[in-house]
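According to my numbering, the sequence shown is numbered sequentially starting from 145.
The beta-carbon is built from N, C-alpha and C at its ideal position, and this holds for glycine as well.
Here's the structure we're looking at; comments come further down.
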Amino acid sequence: MLQNIHHIAIICSDYSTSKTFYTEVLGLEIIKETFREERKSYKLDLALNGNYIIELFSFPNAPQRISRPEAQGLRHLAFSVNNIESAIEELHAKGVTTEAIRVDEITGKRFTFFEDPDQLPLELYEI
């Protein structure tokens, strides 16, 4: 029945700031940008390595979703990287703060967390 995850939808508070973060900081590619007049909102389709992955939405006065303390529902979005140190250096050079590198006690793989402009937890996971 299921084949893959098609995309992840993210609602942002400041469209311009989030668009810059996901495209210029994280390097996602813009597939299509649409302003939906009837909703007064943007929809930005983004790809990673040519694969459609994120829909970034703006909605007027969307309420903030709490990320901490951990609550039920989607917790975070993880991106795989080959070299966690170089990925962290690149984020730091672009003004993004990351947590200390941790080691997954089950897989032995290294990972760290950072946040998007709306405090959505994002993870780098070394493969």
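Query	Result
Validate contact between the stretch 183-196 and the stretch 229-239 using beta carbons, cut 8 Å, 3 pairs	no
6 Å CB neighbourhood of Tyr186 in its chain, flanking five on each side removed	Tyr159, Phe179 and Ser202
Extent of the continuous alpha helix (DSSP H) run through Ser230	Ile228 to Ala237
Secondary structure, beta strand (DSSP E): runs of 3+ residues fully inside the stretch 164-209	173-180, 185-192 and 195-202
Proximity of Leu266 and Phe223 at Cβ, strictly below 8 Å	yes
Same chain, Cβ closer than 7 Å to Lys163, five either side skipped, listed in chain order	Leu188 and Leu200
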